[in-house]
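Chains as they are written, first to last, in this note's numbering: chain A, 2 to 293; chain B, 2 to 293; chain C, 2 to 293; chain D, 2 to 293.
The beta carbon of each residue, even a glycine, is placed where N, CA and C say it ideally should be.
Everything on this sheet refers to the single structure shown next.
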């Protein structure tokens with residue numbers, strides 16, 4: 002397929018690379034152009050502006066937040082103005098339910114399709130095509146995207162025709178990960194204060210009831226206090242938790258643990274944690290117990 | 002080994018049965034005697050009073066709460082008075098850190114040993130010898146108990162010489178399960194309010210990042226609203242959460258999510274949920290979102 | 002003074018009336034024009050569009066939320082386009098810190114002044130000129146507004162030259178009222194569940210340590226379950242709590258009780274409480290205790 | 002009246018002094034005897050043991066916690082053994098609902114009366130006879146105690162025949178004060194982070210909607226960071242909040258703000274705040290906002 006790819010960050014780059022490896026014709030765009038070099042060396046075309054990446058069947062966006070996607074989409078030479086009739090905008094970013102609805106309408110008004118396909122997984126998983134994809138959009142559009150999804154992920158889950166529902170699934174998923182981090186942080190602080198070796202306690206947990214990757218990954222980060230380099234920074238995590246709360250607001254669905262994690266992340270940032278991984282909120286539970 | 006077994010509830014009975022199957026000589030005691038019949042038919046001796054179960058190398062207690070264990074231990078014909086010098090009391094119940102310390106001292110004063118060995122798993126796992134055991138006590142005592150642990154569980158984790166640390170591990174573990182239930186409840190309420198099919202959302206979660214038994218088990222109960230018969234009742238869960246909070250108090254380690262779950266369980270009981278499984282707190286998140 | 006007054010709701014109308022009574026020349030504007038009739042009968046001029054109310058020394062806006070103020074201010078015939086050089090826009094609405102900053106800049110760019118002067122008090126207090134005013138803006142502008150403030154309120158407090166700080170004070174004040182409502186709700190639920198007569202308990206509280214108007218006003222509403230007609234509706238309260246949380250986000254200052262109240266209000270709305278007074282969150286604490 | 006007074010701490014001493022000034026015949030007892038000297042100089046008799054203070058019409062206890070009152074009441078030469086038939090035990094301490102019920106039964110079994118009369122106010126108010134008293138007990142007993150209450154307090158509120166209800170009122174009152182401290186702490190942290198002068202913000206609050214002694218007293222302590230010497234220490238506050246939560250547990254009435262304050266106090270103690278006033282939890286909200 003002829004694919005445009007916009008946003009070559011730590012996730013976008015390996016994703017675009019996967020598409021190239023799968024034989025797609027990929028035109029890449031990034032605000033800071035040097036990010037594109039490796040991909041160009043692999044065979045990608047370089048777009049010098051957003052519109053140049055919008056001439057294929059599909060354009061994929063993988064951006065940091067609502068603001069970035071909104072300005073790239075609605076600008077004068079933006080995605081909506083540039084995309085052909087019938088073409089598909091696949092948004093893989095973690096964005097708000099509100100923006101997803103707005104994009105759905107704007108694309109529909111131009112005879113284009115909008116698909117939300119946020120992904121689960123870290124950069125390493127992206128490089129291996131092992132992401133999980135939560136996709137929503139009109140069935141035809143989703144069918145068209147199957148080769149894209151197959152190049153990017155190990156499995157795709159469909160959540161119906163309204164793109165925003167896939168965004169909500171992504172936000173709910175990130176909320177659940179945040180809940181794991183916070184609850185593990187509290188339990189580890191308790192164990193540490195009791196004089197238990199945190200690593201042994203963690204081995205116990207992950208060998209028994211909590212044998213899921215998320216407990217292993219974050220438990221290790223917490224036990225080893227290894228918060229840099231960040232896999233997912235605290236400011237981005239705060240953004241996502243805020244979007245989950247906002248989604249709950251829109252639907253009138255309170256999320257008390259999200260509120261708690263929201264306040265933890267804010268506290269972490271107030272104390273200078275901008276560059277830390279979101280698992281660094283574990284420092285706060287430890288501090289509250291008088292550890293460290 | 003010659004083993005006494007006190008407390009033949011839904012967990013105790015299959016555990017005693019496992020010991021018999023492993024070839025141990027088991028004397029069983031239960032306050033309501035009829036509970037012992039099946040085990041007697043399998044070869045167990047029946048003790049007509051607590052002291053009769055205390056003449057072996059080891060006596061195991063598996064009781065509902067602090068109150069039950071305390072009265073059976075400290076009474077006139079109780080475990081402490083009846084146990085032989087050098088014999089071991091293995092407590093598998095989920096009890097407070099405070100009672101564990103008190104029992105450790107009381108047994109030591111009589112030249113006896115106290116081992117805490119709370120177990121993780123539901124009755125089915127007990128029947129199959131598939132429990133996980135968190136054990137703590139003096140090394141010699143733990144070594145002596147190895148055949149017992151092997152009959153009961155698939156794996157034993159040692160947490161040092163102070164029995165109370167194993168109790169803390171158990172409380173921390175139950176706290177983490179409660180956190181999973183609460184966070185899943187909130188996420189499922191959000192998904193449900195958004196018009197997503199909760200079962201599909203759950204399949205997505207447990208097929209990706211949350212592929213742990215605890216998410217599968219409780220996610221299913223929540224999605225199917227199947228809270229009776231209870232695997233673990235709300236009042237027992239409240240007791241355990243309270244003990245986790247109390248352990249945190251003793252150590253000066255706050256557990257905000259435990260406080261949140263505590264208030265959820267209290268609310269469930271105030272609304273008549275005494276006989277429900279603890280996963281029924283999910284009804285509250287659903288109710289708060291205007292579902293049901 | 003020659004004053005424009007925009008927004009004749011339950012607060013704006015009595016405020017404009019006070020200005021007329023004080024002898025000011027007042028031109029009033031409201032989206033739905035009939036609201037202006039009583040004031041016109043009292044001597045006010047009626048503006049048929051926003052710009053007609055912007056020809057005096059001062060234009061006062063008293064609107065429901067950010068959206069209303071933003072569209073009236075930034076539109077083609079809006080306040081910013083219409084106001085004379087050197088004239089003052091006095092915003093009495095409860096708005097976000099972000100919008101306050103944006104308005105400050107926009108007015109400054111046109112050589113106009115922006116003053117934030119949110120008010121504390123219910124409609125009755127507005128009618129009697131007994132409001133409390135939290136004002137911030139450049140000293141000269143504030144000095145010019147003194148006759149306005151004297152007509153509207155019993156006392157004005159100045160919070161420096163940056164208008165947004167007055168907005169923050171207002172949001173913090175509303176947050177504190179919300180905290181009183183929530184904590185009283187919990188205490189009243191506890192007392193009620195204990196079989197105490199809630200009115201007697203309240204008399205005790207307000208006769209001793211809590212002899213403040215806010216405890217008397219809201220305590221009575223809670224005890225009498227009198228949530229309609231609303232003095233301040235739950236949706237507006239949710240908006241304000243959200244703005245307080247947003248202000249905290251911008252400053253990296255977590256507000257855990259605000260998060261709690263936020264979730265209460267959301268739950269109230271999910272259960273159909275749109276038309277109720279914000280003190281109706283007391284129904285939730287009562288419900289959680291199994292009362293009602 | 003002939004009155005025994007047990008417990009001469011910072012509250013008990015001025016209370017006993019008030020009784021002497023009112024002309025009562027007072028026999029005082031304190032575990033550490035030197036505390037009694039000033040009162041003996043004023044005309045009190047000194048009891049060398051608890052029982053010696055129990056020969057009058059009324060014995061008043063003013064002790065630190067459940068443990069102290071329980072051991073003094075139920076011991077061999079304790080209040081229950083020593084008090085005459087028909088005599089009254091007036092408990093002014095802040096104790097649990099559970100202990101209050103236990104004492105009610107124990108006294109009734111001996112033909113004695115038990116009255117709960119916890120007091121509100123700081124030592125200064127005690128010295129001036131300006132306490133507020135929440136009293137509960139059988140009407141005859143309360144009537145007999147009127148001269149005692151008149152000497153100690155400025156006003157007495159009766160809460161029926163069951164003594165434990167007065168204890169619950171006291172716990173609910175302290176919970177509400179704790180809620181004021183926490184909410185003020187959050188608001189002051191927000192204001193401080195916004196660059197507002199906290200004292201001015203406080204003057205605004207206490208001059209307008211929050212003109213209650215409790216806001217003035219604690220607001221000043223928070224603004225001036227004056228946490229020593231403590232009027233009421235963090236460990237005692239934690240005890241009281243825990244008792245409020247326990248009362249809620251017994252009645253199935255959740256108290257989310259109490260849970261929040263509980264965790265704040267625990268954190269304060271974990272960081273070495275044992276000797277600080279409970280208003281020192283304000284340091285935590287400030288710290289979370291990155292202040293100090």
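On the criterion of 16 or more Cβ atoms from any shown chain inside 10 Å, does residue 114 of chain D qualify as buried, or is it exposed?
In the fourth chain, residue 114 of chain D corresponds to position 113, counting from 1. Here residue 114 of chain D is buried: its Cβ has 16 or more other Cβ atoms, across all protein chains shown, within 10 Å.
Which of helix, strand or coil DSSP assigns to residue 259 of chain B:
Taking the second chain and counting its residues from 1, one reaches residue 259 of chain B at position 258. Reduced to three states, the DSSP call for residue 259 of chain B is helix.
Could you confirm whether any beta carbon from chain C is found closer than 9 Å to the beta carbon of residue 275 of chain B?
Taking the first residue of the second chain as position 1, residue 275 of chain B is located at position 274. Proximity of residue 275 of chain B to chain C, defined by a Cβ-Cβ separation below 9 Å, is not satisfied.
What does residue 268 of chain B reach in chain C if we use C-beta pairs closer than 7 Å?
For this step, residue 268 of chain B is matched to residue 267 along the second chain. 289, listed in chain order.
Out of D/201, D/219, D/247, D/191, which has the shortest C-alpha to C-alpha gap to residue 251 of chain C?
Translated into the one-based positions of the third chain, residue 251 of chain C becomes position 250. Per the Cα distances, D/191.
From what residue to what residue does the beta strand (DSSP E) around residue 90 of chain A run?
Against the first chain, residue 90 of chain A aligns to sequence position 89. From DSSP, the beta strand (DSSP E) with residue 90 of chain A extends over 89-92.
Burial state of residue 33 of chain D, where buried means 16 or more other Cβ atoms lie within 10 Å
Against the fourth chain, residue 33 of chain D aligns to sequence position 32. It counts as exposed.
From residue 237 of chain D to residue 178 of chain D, what does the alpha carbon distance come to, in whole angstroms?
Residue numbering aside, residue 237 of chain D sits at position 236 when the fourth chain is read from its first letter. Residue numbering aside, residue 178 of chain D sits at position 177 when the fourth chain is read from its first letter. Cα to Cα, the separation comes out at about 14 Å.
According to DSSP, is residue 132 of chain B helix, strand or coil?
The residue labelled residue 132 of chain B in the question sits at position 131 within the second chain. Annotated three-state conformation of residue 132 of chain B is strand, per DSSP.
Of the choices A/278, A/43, A/243, whose alpha-carbon is the least far from that of residue 23 of chain A?
Residue 23 of chain A sits at position 22 when you count from the first residue of the first chain. If you compare the alpha carbons of A/278, A/43, A/243 with that of residue 23 of chain A, the shortest gap goes to A/43.
So, does the CB of residue 257 of chain D fall closer than 9 Å to a CB anywhere in chain C?
Here residue 257 of chain D is taken as the residue at index 256 of the fourth chain, counted from 1. For residue 257 of chain D, the answer is yes, since a Cβ of chain C falls inside 9 Å of its Cβ.
Counting only runs of 4+ residues fully inside the region 214-291 of chain D, write out the alpha helix (DSSP H) ranges in chain order.
You should have 214-225, 235-252, 257-271, 283-289.
Buried or exposed by the 16-neighbour rule on C-beta atoms within 10 Å, applied to residue 294 of chain C
There is no way to answer for residue 294 of chain C, as the model of chain C reaches only from 2 to 293.
Compare the beta carbon distance of residue 83 of chain A and residue 55 of chain A with 9 Å and say whether it is the shorter of the two.
Counting from one through the first chain, the residue named residue 83 of chain A turns up at place 82. Counting from one through the first chain, the residue named residue 55 of chain A turns up at place 54. Contact check for residue 83 of chain A against residue 55 of chain A passes: the beta carbons are separated by less than 9 Å.
Should residue 164 of chain A go down as buried or exposed, given a rule of 16 or more other Cβ atoms within 10 Å for buried?
Position 163 of the first chain, counting from 1, holds the residue named residue 164 of chain A. Buried, since its Cβ has 16 or more Cβ neighbours within 10 Å.
Beta-carbon gap between residue 124 of chain A and residue 15 of chain A smaller than 9 Å:
Numbered from its first residue, the first chain carries residue 124 of chain A at position 123. Numbered from its first residue, the first chain carries residue 15 of chain A at position 14. The answer is yes: Cβ separation under 9 Å.
Cβ of residue 60 of chain A within 9 Å of Cβ of residue 134 of chain A?
The residue labelled residue 60 of chain A in the question sits at position 59 within the first chain. The residue labelled residue 134 of chain A in the question sits at position 133 within the first chain. Not in contact: residue 60 of chain A and residue 134 of chain A (Cβ atoms no closer than 9 Å).
Contact belief for residue 283 of chain B with residue 234 of chain B at Cβ below 8 Å, rounded distance in angstroms
Locating residue 283 of chain B in the second chain gives position 282, where the first residue counts as 1. Locating residue 234 of chain B in the second chain gives position 233, where the first residue counts as 1. Distance from residue 283 of chain B to residue 234 of chain B at the Cβ level is roughly 15 Å; contact not present, criterion being Cβ atoms closer than 8 Å.
Starting from the C-beta of residue 274 of chain C, find all residues in its chain whose C-beta is less than 6 Å away, skip the five residues before and the five after it, and write them out in chain order.
As a working mapping, residue 274 of chain C is identified with position 273 in the third chain. Here the set comprises 235, 281.
With DSSP as the reference, label residue 199 of chain B as helix, strand or coil.
Numbered from its first residue, the second chain carries residue 199 of chain B at position 198. Here residue 199 of chain B sits in helix by DSSP.
Alpha carbon to alpha carbon, how far is residue 232 of chain A from residue 244 of chain D? Give it in angstroms, no decimals.
Stepping through the fourth chain from its first residue, residue 244 of chain D is reached at position 243. Stepping through the first chain from its first residue, residue 232 of chain A is reached at position 231. Looking at the backbone, the Cα of residue 244 of chain D and that of residue 232 of chain A are separated by about 43 Å.
Please go through the region 36-95 of chain C and give each complete beta strand (DSSP E) segment of 3 or more residues, from N-terminal end onward.
Entirely contained in the region 36-95 of chain C, the beta strand (DSSP E) runs reaching 3 residues are, in chain order, 59-62, 89-92.
Cα-Cα separation between residue 45 of chain A and residue 152 of chain A, rounded to whole angstroms:
The residue you call residue 45 of chain A lines up with position 44 of the first chain. The residue you call residue 152 of chain A lines up with position 151 of the first chain. Per the coordinates, the alpha-carbon of residue 45 of chain A lies some 15 Å from the alpha-carbon of residue 152 of chain A.
Let me know the secondary structure DSSP gives residue 166 of chain D once reduced to three states.
On the fourth chain, position 165 is the one that residue 166 of chain D refers to. Residue 166 of chain D: helix per DSSP, three-state reduction.
Hey, would you say residue 40 of chain D sits closer than 9 Å to residue 65 of chain D, going by beta carbons?
Working through the fourth chain from its first residue, we reach residue 40 of chain D at position 39. Working through the fourth chain from its first residue, we reach residue 65 of chain D at position 64. No.
With respect to the alpha helix (DSSP H) encompassing residue 145 of chain A, which residues constitute its N-terminal and C-terminal limits?
Translated into the one-based positions of the first chain, residue 145 of chain A becomes position 144. Start and end: 140-153.
Identity of the residue in D/10, D/188, D/253, D/28 nearest residue 206 of chain D by Cα
Translated into the one-based positions of the fourth chain, residue 206 of chain D becomes position 205. It is D/188.
Cα-Cα separation between residue 107 of chain A and residue 240 of chain C, rounded to whole angstroms
Numbered from its first residue, the first chain carries residue 107 of chain A at position 106. Numbered from its first residue, the third chain carries residue 240 of chain C at position 239. A straight line joining the alpha-carbon of residue 107 of chain A with that of residue 240 of chain C spans about 27 Å.
Which one of B/85, B/91, B/37, B/220 has the shortest CA to CA distance from residue 144 of chain B?
Sequence index remark: in the second chain, residue 144 of chain B carries index 143 (1-based). With distances taken between Cα atoms, residue 144 of chain B lies closest to B/91.
Determine the extent of the alpha helix (DSSP H) in which residue 22 of chain D is found, giving its start and end residues.
The sequence position of residue 22 of chain D within the fourth chain is 21, counting from 1. Looking at the DSSP string, the run of the alpha helix (DSSP H) that includes residue 22 of chain D is 13-22.
Measuring alpha carbon to alpha carbon, tell me which of A/246, A/136, A/9, A/58 ends up nearest residue 268 of chain C.
As a working mapping, residue 268 of chain C is identified with position 267 in the third chain. When only C-alpha atoms are compared, the closest one is A/246.
From D/258, D/255, D/220, D/116, pick the residue whose C-alpha is nearest to that of residue 147 of chain D; which is it?
Sequence index remark: in the fourth chain, residue 147 of chain D carries index 146 (1-based). Ranking the options by Cα distance to residue 147 of chain D, first place goes to D/116.
Looking at C-alpha atoms only, which residue of D/216, D/221, D/103 is the closest neighbour of residue 198 of chain D?
In the fourth chain, residue 198 of chain D corresponds to position 197, counting from 1. Of the candidates D/216, D/221, D/103, the one whose C-alpha sits nearest the C-alpha of residue 198 of chain D is D/221.
When DSSP labels each residue in this structure, what does residue 208 of chain C get in the three-state scheme?
In the third chain, the residue the question calls residue 208 of chain C occupies position 207. Three-state result, residue 208 of chain C: helix.
Going straight from the alpha carbon of residue 63 of chain A to that of residue 216 of chain B, what length do you get?
As a working note, residue 63 of chain A is residue 62 in the first chain. As a working note, residue 216 of chain B is residue 215 in the second chain. Rounded to whole angstroms, residue 63 of chain A to residue 216 of chain B spans 29 Å at the Cα level.
I think residue 242 of chain C touches residue 266 of chain C, with their Cβ atoms under 8 Å apart; what is that distance to the nearest whole Å?
Stepping through the third chain from its first residue, residue 242 of chain C is reached at position 241. Stepping through the third chain from its first residue, residue 266 of chain C is reached at position 265. The pair is a contact, with the Cβ atoms about 6 Å apart (cut-off 8 Å).
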